[in-house]
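Asker: The opening position of the sequence shown corresponds to residue 394 in our numbering, with each subsequent residue numbered one higher. Every residue gets a Cβ at the ideal spot worked out from N, C-alpha and C, and that includes glycine. This structure is a prediction, so every number in the text was calculated from the model and none was measured.
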Amino acid sequence: AGGVGGHGGDGASGGEGGRGGDAGSNGANAVGGAGGGGGKGTAGSGGAGGNGGFSQVRSADPADPGLNVGPGIATGGAGGHGGDGVSGGRGGDGGFAVGAGSGNVASGGGGDGGAGTTGNGGDGGNSGVAISYLTGTGNVTSGNGGDGGNSVSGVGGNGGAGGDPNYNPQPTLTPISGGIVFNEASAGMVTGGNGGHGGNGGAGGGNGGLGGGAATIGLGDVVSGNGGDGGDGTNGAGGAGGRAGYATATGVTSTGSATAGHGGDGGNGTIGGAGGDGGDFNGFFSATGRSSATGGAGGHGGTGFSGIGGAGGNGGTASVNPGPTAPDGGFVVGGKGGDGGDGVTGGSGGHGGFADGVHRQTITGGDGGNGGAGTSGSGGAGGDGGSSYATAGGSSTSATGGDGGKGGAGGAGGGAGGGGGDATNFGAGTTHAGDGGKGGNPGGHGGNGGNASAVNTAGATAGAAGLPGTGGTGGTPGTVTAIPGFAGIALTDNVVAPTNSVVTPSLAAAGPVIGPAEAADTPTDFSTSPLFNYSLPLGPFEIYREYTSFGLRLNTPLGSVPLFSEGVSFLPTPDGQTGGFVYHFGNPLLYFGTMYNVSSGQTGFLFNGLLLSWPGPSQFGGIIPNINYFPVTF
């Protein structure tokens, strides 16, 4: 165990707390020391809390660092509390934790910020990142971010992140790294830390911290961290809620559940703070799929005492692509939008999250959040329901769009209801577009119903129009559109030669027979399944799907320009092995994705052709990436 850092001394300005000691072992437990608290500041700021020490647990067999059989638990040290003062001191960051055995791995949480009197409260410290190469059932958890300090007449401190913003191996999917597993055989649960709450303040509340991400290539459940709530402002605005962490899973045989965290609620104040967005989940699995995948709910907006209420946060998206051989089952659900806060004018509700999947039993977009009530102003608008997209699947696959949120009531008029989410289904199951939300009283416009596009139009239902508020106008109902099938093109080779041929006048009699008539070939059906190749023209634009990729492109006289593309490409990897795949996203200016090589066990992350690769389990040397050039084309 590492030693605890010393406490900073009190003074006109408080002294900084000492850093906790680091700890390491081969197979045994290792605990990083906690950071010391900052000293109090009588005439100035409080001292910053010390950072927690890190922890590393290697394999039990130092001669074979890839054995990964050590039972040791790796625990990072907690950050120290910031000292109180005229301005509060910042909390210390938690120590990171790395494990290569079968035991649990937990990083240290961030320290709370110190309280301020006339100055601002101190910010909470960030959690450390928790990384594991384990093969057993040990869990991997990043600590929570520290809470921001309160302030009597200043602004409350911001909450710390539930992960390490400076360690970021997957910038496209996990902006804040929390818990990460780099071993396919790991069955442990991976959890990102929650963001710290913003501090309360007389001049305004602090913002909530960001939730930590959760990423794995293993088998266990994945849960990303919640965003922290914003602090309340007595004579100022409420703080914004923190965004939840992203959840990512790319295990080959993963079957566990995946849940993204919810956004933090906005703080109350003269103006309500906005709710944080729910976390997104994105995963690809080549054989089976997650039993469930859920995007995080958006946080609710705060109440505005003398101004507008805070807007609700948007629900997180949920996307699962288990590959064409996966069995049917499980569900994918987009996060619900957060409700808008009440105020003189109501805040708008957040939009529901998008949901898409392959071979899932139910795919459901998130409902939109309700608009907040306005006392003398207008009510807030309801959020739109999230759309759903069933790429393929068995007869049980259903696609359902989220319902639009209700508009808030208002003294100057009700808010409009949110629109229902669209539903698209390439499978044989049912399709239900979301209903429009009801308009708020008085006079709020009802939301429009969502549209349904389906192969099985008999099982498709358009979204109903939202009812109006008193004296208002209702929405427009949605429509049902058939996704065209492909009847196939019968091609034949039916060549019939002439029975006589006149070569010259001297041979004007019956000429030689060139050959008998060729019988017609059996027609060949070159039809293509709409489950794998499909395009829908929309004027100059075209929605397309080509096997495992889909997107939107613009058709020009010089060729097509992909405006958006997403999917999975199977291709050889830079080390010459086969069996790898790249999950990619692209537009005319950007291309990135994550790569996994099944044959060599190498995991990499791709960004505009530059590949940072981790060669797999090693004695922590794998943390430092190899850099290879990997050319990318659309």
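Among the residues of its own chain, which have a CB less than 7 angstroms from the CB of G867, if the five just before and after it don't count?
Answerer: G839, A858, G859, L860, P861
Asker: I'd like the span of the beta strand (DSSP E) that includes D749, first residue to last.
Answerer: 748-751
Asker: Determine the extent of the beta strand (DSSP E) in which A490 is found, giving its start and end residues.
Answerer: 490-492
Asker: Measuring only the C-alpha atoms, how far is G773 from G659?
Answerer: 16 angstroms
Asker: At the level of alpha carbons, what is the spacing between T949 and V583?
Answerer: 46 angstroms
Asker: Measuring only the C-alpha atoms, how far is G552 from G502?
Answerer: Straight-line Cα distance between these residues: approximately 12 angstroms.
Asker: For G764 and G417, what's the separation of their Cα atoms in angstroms?
Answerer: 52 angstroms
Asker: Please list the terminal residues of the continuous beta strand (DSSP E) segment that includes Q754.
Answerer: Per DSSP, Q754 belongs to no beta strand (DSSP E) and is neither H nor E.
Asker: Let me know the secondary structure DSSP gives A851 once reduced to three states.
Answerer: helix
Asker: May I ask you to report which of helix, strand or coil DSSP gives T663?
Answerer: coil
Asker: Rounding to the nearest angstrom, what Cα-Cα distance links I701 and G775 in this structure?
Answerer: 15 angstroms
Asker: Quick test of your reading: G571 and G555, contact by CB under 8 angstroms. State the CB separation rounded to the nearest angstrom.
Answerer: That pair is a contact at about 6 angstroms.
Asker: Return helix, strand or coil for V888, following the three-state DSSP convention.
Answerer: Low per-residue confidence applies at V888: pLDDT is 36, beneath 50, and the placement is therefore not dependable, though the value from the model is reported in the following sentence. Coil at V888, not helix or strand.
Asker: Determine the burial state of L603: buried for a count of at least 16 other Cβ atoms within 10 Å of its Cβ, exposed for fewer.
Answerer: buried
Asker: T738 lies in the beta strand (DSSP E); which residues open and close that run?
Answerer: Segment 736-738, the beta strand (DSSP E) holding T738.
Asker: Enumerate in chain order the residues of its own chain whose CB-to-CB distance from N532 is below 6 angstroms, with the five nearest sequence positions on each side excluded.
Answerer: N497, G581, M582, listed in sequence order.
Asker: Expressed to the nearest angstrom, what Euclidean distance is found between the alpha-carbon atoms of E409 and G487?
Answerer: 15 angstroms
Asker: Whole angstroms are fine: how far does the CA of S500 sit from the CA of V725?
Answerer: The straight-line gap from Cα to Cα measures roughly 30 angstroms.
Asker: Only counting the same chain, and skipping five residues up and downstream in sequence, which positions put a Cβ closer than 8 angstroms to that of G512?
Answerer: S438, G478, V479, S480, G481, S544, G547
Asker: What do you reckon, are the CB atoms on G656 and R636 nearer than 7 angstroms?
Answerer: yes
Asker: Quick check on I610: does DSSP put it in helix, strand or coil?
Answerer: coil
Asker: As an exercise, report each continuous beta strand (DSSP E) stretch of at least 3 residues that is fully enclosed by the stretch 532-583, in chain order.
Answerer: 572-574
Asker: Classify V491: buried if its beta carbon has 16 or more other beta carbons within 10 angstroms, exposed otherwise.
Answerer: buried
Asker: Leaving aside the five residues before and after T872 along the sequence, list all residues of the same chain whose C-beta is less than 8 angstroms from its C-beta, in chain order.
Answerer: N844, A845, A855
Asker: Once DSSP output is grouped into helix, strand and coil, what is the label at A816?
Answerer: strand
Asker: Just to confirm my understanding: we take G597, look at its own chain, exclude 5 residues before and 5 after, and list those with CB closer than 6 angstroms. What are they?
Answerer: V548, G626, G629, A630
Asker: According to DSSP, is H825 helix, strand or coil?
Answerer: H825 falls in the strand class under three-state DSSP.
Asker: Compute the distance between the beta-carbons of G378 and G432, then report whether it is under 7 angstroms.
Answerer: Since the displayed the chain opens at 394 and closes at 1027, residue 378 lies outside it and no answer follows.
Asker: Measure the Cβ-Cβ separation of F934 and L947 and say whether it is below 7 angstroms.
Answerer: In contact: F934 and L947 (Cβ atoms closer than 7 angstroms).
Asker: Under a Cβ-count criterion, where at least 16 other Cβ atoms within 10 Å of its own Cβ denotes burial, should T757 be classed as buried or exposed?
Answerer: buried
Asker: Taking buried to mean at least 16 other C-beta atoms within 10 Å of its own C-beta, is S448 buried or exposed?
Answerer: Classification of S448: buried, given that the 10 Å Cβ count is 16 or more.
Asker: Given this structure, state the Cα-to-Cα distance separating T643 from G591, to the nearest angstrom.
Answerer: 33 angstroms
Asker: With DSSP as the reference, label G459 as helix, strand or coil.
Answerer: In this predicted model, G459 has a pLDDT of only 47, less than 50, meaning its place in the structure is not dependable; the value taken from the coordinates is given anyway. Three-state result, G459: coil.
Asker: Measuring alpha carbon to alpha carbon, tell me which of V424, G396, A423, G440 ends up nearest A405.
Answerer: G440
Asker: Closest to G822 by CA distance: which of V848, G539, G594, K799 is it?
Answerer: V848
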